Amino acid sequence: MGWMMIFEAILSNIYSLNNTFNDNVNDEFGADILTNEMADMIRIGTELCETEANIYNKIREVDSRLQEIQSMRPLC
626 MGWMMIFEAI
636 LSNIYSLNNT
646 FNDNVNDEFG
656 ADILTNEMAD
666 MIRIGTELCE
676 TEANIYNKIR
686 EVDSRLQEIQ
696 SMRPLC
C-alpha cells in the first residue's frame, strides 16, 4: 500500500464496523458497551494514522537531507 494508506484503511474498516454494529444492536446495555469499545478503537485508529503520518514526514525529511548532503559531495 502507498503512503499513509495502511492505518487509514484500518480506520475506515473500524468506522464501517461501527455503523454495522449500530444498525444491529438493539438493547441499550449492548449499545453502551459497543459505543465505548468503538470509541476506543476509533481513537486508537486515529492515533495510528497520525503516528504513521509523522513517521512518513520524518522519512521524507531524512531523505531530503541525505540528498542535500549527497549533492554537496565532490564528484570522484
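Counting in my numbering, the sequence shown runs from 626 upward without gaps.
Think of the CB as a built atom: it goes at the ideal place given N, C-alpha and C, for glycine as much as any other residue.
Here the structure is a predicted model, which is why all the values come from computation and not from measurement.
- For R690, the enclosing alpha helix (DSSP H) stretches over residues E653 to M697.
- Taking 8 Å as the cut-off, the Cβ atoms of V650 and L659 count as close.
- Just so you know, the alpha carbons of S689 and S696 end up roughly 11 Å apart.
- By the C-beta density criterion, F654 is exposed, having fewer than 16 other C-beta atoms within 10 angstroms.
- At a Cβ-Cβ threshold of 8 Å, E677 and I631 count as neighbours.
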